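K.L.:
The structure's right below; bear with me while I get my questions together.
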Amino acid sequence: MNNQDKIKKLIDLRAEAKLGGGLKRIEAQHKKGKFTARERIDMLLDEGSFEEFDMFVTHRCTNFELEKSKYLGDGVVTGHGTIDGRVVYVFAQDFTIFGGSLSETFAIKICKIMDMAMKAGAPIIGINDSGGARIQEGVTSLAGYAEIFERNILASGVIPQISAIFGPCAGGAVYSPALTDFIMMNEQNSYMFVTGPKVVKTVTGEDISIEDLGGGKVHASKSGVAHFLVENEKEGLMLLRKLLCYLPQNNLEDPIITDCTDPIERKEEFLNEIIPESPNQPYDIKDVIHLIVDYGEFMEIHRNYAKNIVVGFAKFNGQPVGIVANQPNYLAGVLDIESSRKAARFVRFCDSFNIPVVTLVDVPGFLPGSKQEYGGIITHGAKLMFAYGEATVPKITITLRKSYGGAHDVMSCKQLRGDLNYAWPTAEIAVMGATGAVEVLEGKKIREIDDAEERAKFIADHEDQYKEKFANPYQAASYGYIDDIIEPMNTRFRIIRGLQSLVTKKLINPPKKHSNIPL
Ligand code: HXC
Numbered sequence: 008m009n010n011q012d013k014i015k016k017l018i019d020l021r022a023e024a025k026l027g028g029g030l031k032r033i034e035a036q037h038k039k040g041k042f043t044a045r046e047r048i049d050m051l052l053d054e055g056s057f058e059e060f061d062m063f064v065t066h067r068c069t070n071f072e073l074e075k076s077k078y079l080g081d082g083v084v085t086g087h088g089t090i091d092g093r094v095v096y097v098f099a100q101d102f103t104i105f106g107g108s109l110s111e112t113f114a115i116k117i118c119k120i121m122d123m124a125m126k127a128g129a130p131i132i133g134i135n136d137s138g139g140a141r142i143q144e145g146v147t148s149l150a151g152y153a154e155i156f157e158r159n160i161l162a163s164g165v166i167p168q169i170s171a172i173f174g175p176c177a178g179g180a181v182y183s184p185a186l187t188d189f190i191m192m193n194e195q196n197s198y199m200f201v202t203g204p205k206v207v208k209t210v211t212g213e214d215i216s217i218e219d220l221g222g223g224k225v226h227a228s229k230s231g232v233a234h235f236l237v238e239n240e241k242e243g244l245m246l247l248r249k250l251l252c253y254l255p256q257n258n259l260e261d262p263i264i265t266d267c268t269d270p271i272e273r274k275e276e277f278l279n280e281i282i283p284e285s286p287n288q289p290y291d292i293k294d295v296i297h298l299i300v301d302y303g304e305f306m307e308i309h310r311n312y313a314k315n316i317v318v319g320f321a322k323f324n325g326q327p328v329g330i331v332a333n334q335p336n337y338l339a340g341v342l343d344i345e346s347s348r349k350a351a352r353f354v355r356f357c358d359s360f361n362i363p364v365v366t367l368v369d370v371p372g373f374l375p376g377s378k379q380e381y382g383g384i385i386t387h388g389a390k391l392m393f394a395y396g397e398a399t400v401p402k403i404t405i406t407l408r409k410s411y412g413g414a415h416d417v418m419s420c421k422q423l424r425g426d427l428n429y430a431w432p433t434a435e436i437a438v439m440g441a442t443g444a445v446e447v448l449e450g451k452k453i454r455e456i457d458d459a460e461e462r463a464k465f466i467a468d469h470e471d472q473y474k475e476k477f478a479n480p481y482q483a484a485s486y487g488y489i490d491d492i493i494e495p496m497n498t499r500f501r502i503i504r505g506l507q508s509l510v511t512k513k514l515i516n517p518p519k520k521h522s523n524i525p526l
């Protein structure tokens, strides 16, 4: 073979590798409304930036005559490229080769790319579309998964790890995405479950469709496993590009501050009117968020899960921040098991990656009741407190209205090392609301009053007295627990000033192997 033949061989082999499992299977993939692994990578990365690794790897399995079916690349496309000019490492499982199932060599390819991402200090994005462990390989496939899991664990908090589920992701395979920071699913063909519908039927007798068991909608709203739900793959890949603009490359870097033309001192008069006169009337906290952040742009995470708390990324004068906000529009913004877990994980992510946290508080307390107690609200609520208390990133808290009881402490109060704690004049910072307080303090007297009108007047008078004393931010401000009471329309300006003042913040927790967050 002369040199020209050698070059031609390379070109031919590359062309063969790019066809994955062959044209027929690519066609089948397209028929299901799915893109191929390479098409997905091309859409995700900056044009022409992808550098592929290990295109010539094939499996080594000889069970069930598998040595007769070998495909270049062995079912996963790996490499690196850029998103908005910043390096990312990627792998995309190729369903056209053995259904994207994971073999020993397939796992080695993914591990190599994960190790490279760690060495380079760059994010890793995995696109999952796989039938799980390659059945013909047996235990080497299981070992391969465990090699990946261990790397997910060690990379956690060092580089951002993001998973897109664009096909099946079943059995133990779900645990690699679950160990990453964000999971994206789509409405059309994403499935995640530990055991599929057939096994569920056999073991428990439950009849359930694949969508109802582990579809994107279910995981984005009921289980909270998925952070993002998109209509289709293309939308999802564009969203992943956007997500990265809020994140640093690794835990030793800060997120990039971009130029901003949205005025810092933009006043929003509507904010002076947004809090209803009645404390029981809701409003949409997202209206507040959109009015204060740069260009009104807010990237919400877990939009359909635990809607009583809102979390997501935004920018203030070009500085990326994480926002955590109680949502009075849903369950009155109460803290419960799901909302505590959702916010705790988000705060910990932000803290891992040097992203300041802005907290907007309007919380009536923890949701009472046996369902919550039996479900362990004590432990789950403690997670959120732990996350805030442990976080060393800049923390700015604005109390808009209610901040009652334990929930006041949990929501980034001064004593959990809140750096700047501001309140609107409409804030009510107290042990509990007026009605509950009067019932506890005056209950005996109330029950002794026979006349209904007289009783109502007694309650109203005492509630007024209580509100006068506690349903305001001034008691907290008099102790310095609130640094300033601000006019709502100036909130954007005050947050930006605060963030600027905290740019050089350094806070180091006591040395330890690791903390023991109440899991
Ligand atoms: C080997 C597999 C495979 C697997 C699919 N294929 N899954 N090959 N190992 N796990 C092959 C099929 O034989 C077929 O090959 C091709 O991939 C496409 O599969 P189809 O069944 O034709 O596709 P579809 O109808 O879309 O169904 C997709 C599917 C189904 C739902 C994923 O293939 C399926 O149920 N697969 C098995 C899933 C499973 O039980 N996996 C093990 C989970 S347990 P040809 O040559 O015909 O194209 C697990 C443990 C992990 O993963 C533990 C980690 C700790």
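Here this note's numbering runs 7 ahead of the position in the sequence shown, where the first position is 1.
We put the CB at the ideal spot given by N, CA and C, even for glycine.
Small disclaimer: the values here were computed from a predicted structure and weren't measured.
(1) What are the uninterrupted segments assigned as beta strand (DSSP E) that are 3 or more residues long and contained completely in the stretch 399-435, given in chain order?
(2) How should Gly303 be labelled, buried or exposed, when 16 other C-beta atoms within 10 angstroms of its C-beta is the threshold for buried?
(3) What is the DSSP secondary structure of Lys520, counted as helix, strand or coil?
(4) If you draw a straight line from the alpha carbon of Val370 to that of Lys116, how long is it in whole angstroms?
(5) From Phe113 to Ala140, what distance separates their C-alpha atoms?
(6) Return yes when the Cβ of Thr404 is within less than 8 Å of the Cβ of Thr366, no when it is not.
(7) Smallest Cα separation from Ile120: which of Gln288, Leu236, Gly145, Val84?
(8) Exposed or buried, what is Gly40 when buried is set at 16 or more other beta-carbons lying within 10 Å of its beta-carbon?
(9) Judging by CA-CA distance, which residue of Ser76, Lys75, Met123 is the nearest neighbour of Phe98?
(10) Using CA atoms only, rank isn't needed, just tell me which of Leu250, Val232, Thr511, Glu218 is closest to Val400.
(11) Whose CA, out of Ala233, Ile172, Gly179, lies closest to the CA of Ala153?
(12) Are the Cβ atoms of Pro375 and Leu506 separated by less than 8 Å?
(13) Could you give the DSSP three-state label for Arg93: helix, strand or coil?
(14) Report the option in Tyr411, Asn479, Thr442 whose CA atom is closest to the CA atom of Asp468.
(15) Quick check for students: name the residue ranges of the beta strand (DSSP E) that lie wholly in the stretch 117-178, counting only runs of 3 or more.
(16) Taking 7 Å as the cut-off, is the CB of Pro175 close to at least one heavy atom of the ligand HXC?
(17) Starting from the C-beta of Pro204, find all residues in its chain whose C-beta is less than 6 Å away, skip the five residues before and the five after it, and write them out in chain order.
(18) Roughly how many angstroms separate the alpha carbons of Leu514 and Leu427, rounded to a whole number?
(19) Taking only runs of the alpha helix (DSSP H) that begin and end inside the stretch 13-43, which ones reach a length of at least 4 residues, in chain order?
(20) So, helix, strand or coil for Tyr182, using DSSP?
(21) Is Gly88 helix, strand or coil when you go by DSSP?
(22) If contact is defined by three or more beta carbon pairs under 8 Å, each pair taking one atom from either stretch, is the stretch 308-325 in contact with the stretch 226-239?
(23) Near Gly138, which residues of its chain fall below 7 Å by C-beta distance, leaving aside the five closest residues on each side in sequence?
(24) For Pro518, count neighbouring C-beta atoms within 10 Å of its own C-beta (all shown protein chains included) and say buried if the count is 16 or more, exposed if not.
(25) Does Gln168 pass the burial test, meaning 16 or more other C-beta atoms within 10 Å, or should it be called exposed?
(26) Quick check on DSSP: helix, strand or coil for Val232?
(27) Please state if the CB of Met191 and the CB of Leu247 are separated by a distance shorter than 8 Å.
(28) How would you write the range of the beta strand (DSSP E) that Tyr198 sits in, first residue to last?
(29) Taking all protein chains shown into account, do 16 or more other C-beta atoms lie within 10 angstroms of the C-beta of Ala546, making it buried, or fewer, making it exposed?
(30) Taking Gly325 and Ile308 to be in contact with their CB atoms under 8 Å, please state how far apart those CB atoms are, rounded to whole angstroms.
(31) Per the contact definition of three or more C-beta pairs closer than 8 Å, is the stretch 128-136 in contact with the stretch 157-166?
(32) Am I right that Thr65 and Ile299 are in contact with their C-beta atoms under 8 Å? What's the rounded C-beta distance?
(33) Is Gln11 near the ligand HXC, going by C-beta to nearest heavy atom under 7 Å?
(34) Compare the C-alpha of Asp19 against each of His37, Met50, Phe63 and name the closest.
(35) Are the stretch 41-58 and the stretch 87-98 touching, with three or more C-beta to C-beta distances below 8 Å?
(36) Looking at the ligand HXC, does it come within less than 7 Å of Phe105, judged from the CB to the closest heavy atom?
P.N.:
Taking the definition as stated:
(1) The stretch 399-435 is shown to contain whole beta strand (DSSP E) runs of 3 or more residues at 402-411, 427-430, in chain order.
(2) Under the 10 Å beta carbon count, Gly303 is surrounded by fewer than 16 other beta carbons and is classified as exposed.
(3) Lys520 falls in the coil class under three-state DSSP.
(4) Taking the straight line joining both Cα atoms gives about 48 Å.
(5) For the pair Phe113 and Ala140, the Cα-to-Cα distance works out to about 10 Å.
(6) Cβ distance < 8 Å, so Thr366 and Thr404 count as in contact.
(7) Closest by alpha carbon: Val84.
(8) With fewer than 16 other Cβ atoms within 10 Å, it is exposed.
(9) Closest option to Phe98, Cα to Cα, is Met123.
(10) Selected option, being the one with the closest Cα: Thr511.
(11) Comparing alpha-carbon positions, the option among Ala233, Ile172, Gly179 lying closest to Ala153 turns out to be Gly179.
(12) In this structure, Pro375 keeps its C-beta atom at 8 Å or more from the C-beta atom of Leu506.
(13) In the structure shown, the three-state DSSP call for Arg93 is strand.
(14) Closest option to Asp468, Cα to Cα, is Thr442.
(15) Within the stretch 117-178, complete beta strand (DSSP E) segments of at least 3 residues are found at 131-135, 168-172, 175-177, given in chain order.
(16) Checking every heavy atom of the ligand HXC against the Cβ of Pro175, one is found closer than 7 Å.
(17) For Pro204, where only same-chain residues beyond five positions count, the Cβ hits under 6 Å are Ile215, Ile217, Leu220.
(18) Rounded to whole angstroms, Leu514 to Leu427 spans 15 Å at the Cα level.
(19) Counting only runs of 4 or more, we get 30-38.
(20) DSSP places Tyr182 in helix when its eight states are reduced to three.
(21) DSSP, read as helix, strand or coil, puts Gly88 in strand.
(22) The stretch 226-239 vs the stretch 308-325: in contact.
(23) Cβ within range, chain order: Gly106, Gly107, Ser108, Pro175.
(24) Its Cβ having fewer than 16 others within 10 Å, Pro518 is exposed.
(25) For Gln168, the number of other beta carbons within 10 angstroms of its own is at least 16, and it is reported as buried.
(26) In the structure shown, Val232 sits in coil (DSSP, three-state: anything other than H, G, I, E or B).
(27) Result yes, Cβ atoms of Leu247 and Met191 sit closer than 8 Å.
(28) It spans 198-200 - the beta strand (DSSP E) in which Tyr198 sits, taken as one unbroken run.
(29) As shown, the chain starts at 8 and ends at 526. That puts residue 546 outside it, with no answer to give.
(30) Contact doesn't hold; Cβ gap of about 20 Å is too wide.
(31) Cβ pair count under 8 Å is three or more, so yes.
(32) With a contact defined as Cβ atoms closer than 8 Å, Thr65 and Ile299 miss out at about 55 Å.
(33) Between the ligand HXC and Gln11, a heavy atom-to-CB distance of less than 7 Å is absent.
(34) Considering only alpha carbons, the answer is Phe63.
(35) Verdict: yes, contact present.
(36) Yes, the ligand HXC has a heavy atom inside 7 Å of this Cβ.
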